[in-house]
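**Student:**
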Amino acid sequence: MIVGICVGSGIFFKVDDILKYTGGSVKLGVLVFIIGAFSIIFGSLSLTNLEAMTDNTGGMVAYFEDFFNKKIASGFGWYQTFLYFPTVIAVVSWVSGIYTILLFELPNTLNWQIAIGLVYLLTFYAINILSKTIGGHFQVVSSIIKLIPLLGVGIVAFFWHQAAPSVPQDIPIQHTSNVGFGWLAALAPMAFSFDGWPIALSISNEVKDSKKTMPKALILGPLIVLIVYLSYFLGMTHILGSEYILSVGDGAVTKIGELLLGRSGEKILLFFVLISVLGVVNGVILAHLRMPKALMTKQMLPVKQSKTKNPKAFELHSALISFLVTISWYVIHYFTQKFGILPMGDISEIAVVFGYCFYITLYIKVFKMYRNQEIHHRFTGQIAPVLAVFGGLIIVLGGFTTSPIGLLFSFAICSLIYFAGIKSYQKLNA
Numbered sequence: 001m002i003v004g005i006c007v008g009s010g011i012f013f014k015v016d017d018i019l020k021y022t023g024g025s026v027k028l029g030v031l032v033f034i035i036g037a038f039s040i041i042f043g044s045l046s047l048t049n050l051e052a053m054t055d056n057t058g059g060m061v062a063y064f065e066d067f068f069n070k071k072i073a074s075g076f077g078w079y080q081t082f083l084y085f086p087t088v089i090a091v092v093s094w095v096s097g098i099y100t101i102l103l104f105e106l107p108n109t110l111n112w113q114i115a116i117g118l119v120y121l122l123t124f125y126a127i128n129i130l131s132k133t134i135g136g137h138f139q140v141v142s143s144i145i146k147l148i149p150l151l152g153v154g155i156v157a158f159f160w161h162q163a164a165p166s167v168p169q170d171i172p173i174q175h176t177s178n179v180g181f182g183w184l185a186a187l188a189p190m191a192f193s194f195d196g197w198p199i200a201l202s203i204s205n206e207v208k209d210s211k212k213t214m215p216k217a218l219i220l221g222p223l224i225v226l227i228v229y230l231s232y233f234l235g236m237t238h239i240l241g242s243e244y245i246l247s248v249g250d251g252a253v254t255k256i257g258e259l260l261l262g263r264s265g266e267k268i269l270l271f272f273v274l275i276s277v278l279g280v281v282n283g284v285i286l287a288h289l290r291m292p293k294a295l296m297t298k299q300m301l302p303v304k305q306s307k308t309k310n311p312k313a314f315e316l317h318s319a320l321i322s323f324l325v326t327i328s329w330y331v332i333h334y335f336t337q338k339f340g341i342l343p344m345g346d347i348s349e350i351a352v353v354f355g356y357c358f359y360i361t362l363y364i365k366v367f368k369m370y371r372n373q374e375i376h377h378r379f380t381g382q383i384a385p386v387l388a389v390f391g392g393l394i395i396v397l398g399g400f401t402t403s404p405i406g407l408l409f410s411f412a413i414c415s416l417i418y419f420a421g422i423k424s425y426q427k428l429n430a
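FYI, the numbering for the sequence shown is 1 to 430, going by UniProt numbering.
In structure tokens, the structure reads:
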């Protein structure tokens with residue numbers, strides 16, 4: 001689940017961006033990947049302590065409920081249910097539409113992108129509502145499929161001895177250079193490519209023997225993601241060379257497909273990219289369907305008592321809320337793209353940075369619990385939280401330096417939903 005959500009389409013087109021920030025230095029590129037992984041690897045290592053200490057449902061909502069208080073948990077739960085999950089689903093569904101258009105050479109207009117994305121969104125909602133197992137099986141299959149090209153490029157590169165291809169004559173050659181500390185600018189966008197791992201926590205109560213399984217998943221999942229990313233990055237730079245990638249940009253992905261798979265390589269690679277994105281859509285929907293039910297069970301979201309008596313009806317009610325919220329954000333996304341309303345790229349970016357402010361508070365809580373001897377493992381209780389806070393701050397500061405106005409706008413929207421969640425809990429438990 002963690003691998004399936006974190007590994008989306010972005011990594012396929014991230015290599016040239018990383019090299020531009022590092023001046024073409026492969027060593028600095030590797031360092032960027034490793035530091036960028038701090039927020040997920042050490043964050044997940046820290047949270048294994050909390051996961052092992054709670055039997056509650058709702059993922060991170062349960063952590064705030066058990067280790068802070070229910071009002072904060074309700075606010076965070078509303079943020080995840082009404083903003084973070086649905087905006088990610090909306091945007092990634094749209095991106096799926098874009099890659100489908102590229103794969104089948106359809107008209108590349110916003111209306112076509114939105115229409116195809118809507119078909120995917122409706123399909124995966126239907127699949128996951130009608131059957132818990134089909135959505136889970138697709139998640140496993142899509143996770144395996146998306147790893148094939150990423151690991152494959154790294155493995156082929158190990159045996160690759162041909163010279164790097166020449167830069168096309170009509171493209172100016174970009175040479176490697178010394179960027180000083182300019183490479184630090186790559187840390188924020190790289191850290192964003194690791195985002196999404198907390199989503200897997202929302203289904204922890206449905207995992208067999210979750211007390212043992214989830215801590216292992218939180219450790220192994222992020223490490224697998226890092227290994228996959230490094231394999232692809234090192235493979236690309238070895239086969240194509242830094243100067244070629246710097247010069248042609250995203251066109252390097254097309255070239256690697258052509259070199260390894262022939263003339264049809266670009267289409268084959270686009271197919272893998274599409275499966276990667278659809279895996280993210282399915283995974284986030286799979287998790288989001290459970291969130292309204294978890295909040296209603298905790299009296300953080302209003303629900304009629306008659307609906308809670310029938311488990312099947314209760315689940316359908318939760319799914320309906322999830323669907324309606326997501327569709328609403330999908331419509332909002334359409335208009336923001338059509339009229340260029342948002343100061344940032346898309347609606348999903350509204351919630352990402354705000355989420356890390358919450359994650360950082362959890363890491364600090366783990367550190368305090370270690371100091372109070374409630375947690376006894378030094379690495380996961382002391383060292384990992386400190387490094388996780390560092391990784392989280394990189395994302396928050398990176399988001400602010402990239403778009404200060406956009407971040408303030410995002411925080412205003414997130415804060416409104418967060419405080420609405422707190423108000424809802426107070427009203428329901430007055």
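Note that beta-carbon positions come from the ideal geometry of N, C-alpha and C, so glycine has one too.
Could you tell me the distance, in whole angstroms, from the CA atom of residue 288 to the CA atom of residue 419?
**Tutor:** As a working mapping, residue 288 is identified with position 288 in the sequence shown. As a working mapping, residue 419 is identified with position 419 in the sequence shown. The straight-line gap from Cα to Cα measures roughly 20 Å.
**Student:** Taking the straight line between their C-alpha atoms, what separation do you get for residue 331 and residue 91?
**Tutor:** Walking along the sequence shown from the start, residue 331 turns up at place 331. Walking along the sequence shown from the start, residue 91 turns up at place 91. Cα-Cα distance, rounded: 11 Å.
**Student:** Could you say which of 213, 71, 410 and 236 lies nearest to residue 353 if we only look at CA atoms?
**Tutor:** Residue numbering aside, residue 353 sits at position 353 when the sequence shown is read from its first letter. Ranking the options by Cα distance to residue 353, first place goes to 410.
**Student:** Please classify residue 137 as buried or exposed, where buried requires at least 16 neighbouring CB atoms within 10 angstroms.
**Tutor:** Here the question's residue 137 lines up with position 137 in the sequence shown. Classification for residue 137: exposed.
**Student:** Does the Cβ of residue 372 have 16 or more other Cβ atoms within 10 Å, making it buried, or fewer, making it exposed?
**Tutor:** Here the question's residue 372 lines up with position 372 in the sequence shown. Residue 372 comes out exposed.
**Student:** Which residue comes first and which comes last in the alpha helix (DSSP H) that contains residue 253?
**Tutor:** In the sequence shown, the residue the question calls residue 253 occupies position 253. Per DSSP, residue 253 belongs to the alpha helix (DSSP H) from 251-261.
**Student:** Round the Cβ separation of residue 302 and residue 322 to the nearest angstrom and send it over; I've been treating them as touching at under 8 Å.
**Tutor:** Sequence index remark: in the sequence shown, residue 302 carries index 302 (1-based). Sequence index remark: in the sequence shown, residue 322 carries index 322 (1-based). Contact flag wrong, Cβ pair sits at about 16 Å.
**Student:** So, residue 388 versus residue 39, is the Cβ gap smaller than 8 Å?
**Tutor:** Position 388 of the sequence shown, counted from the first residue, corresponds to residue 388. Position 39 of the sequence shown, counted from the first residue, corresponds to residue 39. A contact, by the Cβ cut-off of 8 Å.
**Student:** In angstroms, rounded to a whole number, what distance separates the CA positions of residue 212 and residue 341?
**Tutor:** Looking up residue 212 in the sequence shown gives position 212. Looking up residue 341 in the sequence shown gives position 341. When rounded, the distance between both Cα atoms is 46 Å.
**Student:** Ends of the alpha helix (DSSP H) at residue 84?
**Tutor:** Here residue 84 refers to the residue found at position 84 of the sequence shown. Premise fails: residue 84 is in no alpha helix (DSSP H) and is neither H nor E.
**Student:** Are residue 96 and residue 120 touching if we call contact CB-CB under 8 Å?
**Tutor:** In the sequence shown, the residue the question calls residue 96 occupies position 96. In the sequence shown, the residue the question calls residue 120 occupies position 120. Cβ atoms of residue 96 and residue 120: closer than 8 Å.
**Student:** With burial defined as no fewer than 16 other Cβ atoms inside 10 Å of the residue's Cβ, what is the status of residue 149: buried or exposed?
**Tutor:** To locate residue 149, count along the sequence shown from 1; it is residue 149. Looking at its Cβ environment, which holds 16 or more other Cβ atoms inside 10 Å, residue 149 is buried.
**Student:** According to the Cβ coordinates, are residue 65 and residue 298 closer than 8 Å?
**Tutor:** The residue labelled residue 65 in the question sits at position 65 within the sequence shown. The residue labelled residue 298 in the question sits at position 298 within the sequence shown. The answer is yes: Cβ separation under 8 Å.
**Student:** State the CB to CB distance for the pair residue 199 and residue 283, rounded to an integer number of angstroms; the pair is presumed to be in contact (CB under 8 Å).
**Tutor:** Walking along the sequence shown from the start, residue 199 turns up at place 199. Walking along the sequence shown from the start, residue 283 turns up at place 283. Residue 199 to residue 283, Cβ: 7 Å. Contact.
**Student:** Between the Cα of residue 182 and those of 375, 378, 369 and 18, spot the shortest distance and give me the residue it belongs to.
**Tutor:** As a working note, residue 182 is residue 182 in the sequence shown. Nearest option by C-alpha distance: 18.
**Student:** What residue ranges within the stretch 286-353 form continuous alpha helix (DSSP H) runs of no fewer than 4 residues, ordered along the chain?
**Tutor:** The qualifying runs are 291-297, 305-308 and 311-339.
**Student:** Helix, strand or coil for residue 175? Go by DSSP, reduced to three states.
**Tutor:** Here residue 175 is taken as the residue at index 175 of the sequence shown, counted from 1. Looking at residue 175 - three-state DSSP - the assignment turns out to be coil, as it is neither helix nor strand.
**Student:** Following the continuous alpha helix (DSSP H) through residue 137, name the residue where it begins and the one where it ends.
**Tutor:** In the sequence shown, the residue the question calls residue 137 occupies position 137. From DSSP, the alpha helix (DSSP H) with residue 137 extends over 132-158.
**Student:** Could you tell me if residue 12 is buried or exposed, where buried requires 16 or more neighbouring beta carbons within 10 angstroms of its beta carbon?
**Tutor:** Taking the first residue of the sequence shown as position 1, residue 12 is located at position 12. Residue 12 is buried by the Cβ-count criterion.
**Student:** Assuming residue 25 is part of the alpha helix (DSSP H), what are its boundary residues?
**Tutor:** As a first step, residue 25 must be located in the sequence shown, where it is residue number 25. From DSSP, residue 25 is part of no alpha helix (DSSP H); its letter is neither H nor E.
**Student:** Taking C-alpha atoms, which residue in 285, 14, 109 and 365 lies nearest to residue 81?
**Tutor:** Residue mapping note: residue 81 aligns to position 81 of the sequence shown, counting from 1. Of 285, 14, 109 and 365, the residue nearest in Cα terms is 285.
**Student:** Given that a residue counts as buried once 16 or more other Cβ atoms are within 10 Å of its Cβ, and exposed if not, what is residue 140?
**Tutor:** Here residue 140 is taken as the residue at index 140 of the sequence shown, counted from 1. Exposed.
**Student:** Find out if the Cβ-Cβ distance for the pair residue 326, residue 86 is shorter than 8 Å.
**Tutor:** Here residue 326 corresponds to residue number 326 of the sequence shown, with the count starting at 1. Here residue 86 corresponds to residue number 86 of the sequence shown, with the count starting at 1. Against a cut-off of 8 Å, the Cβ pair of residue 86 and residue 326 comes out as a contact.
**Student:** As a quick exercise: from 55, 415, 152 and 42, pick the residue whose alpha carbon is nearest that of residue 383.
**Tutor:** Against the sequence shown, residue 383 aligns to sequence position 383. Out of 55, 415, 152 and 42, 42 has the C-alpha closest to the C-alpha of residue 383.
**Student:** With respect to 7 Å, is the separation between the Cβ of residue 209 and the closest non-hydrogen atom of the ligand FAD below this value?
**Tutor:** By its list of ligands, the structure shown contains no ligand whatsoever, and the ligand FAD lies outside what it can speak to.
**Student:** Could you tell me which of 45, 103 and 221 sits nearest to residue 273, measuring between CA atoms?
**Tutor:** For the purposes of this step, residue 273 is taken as the residue at position 273 of the sequence shown. The shortest C-alpha separation from residue 273 is found at 103.
**Student:** So what's residue 268 in DSSP terms, helix, strand or just coil?
**Tutor:** Taking the first residue of the sequence shown as 1, we reach residue 268 at position 268. Here residue 268 sits in helix by DSSP.
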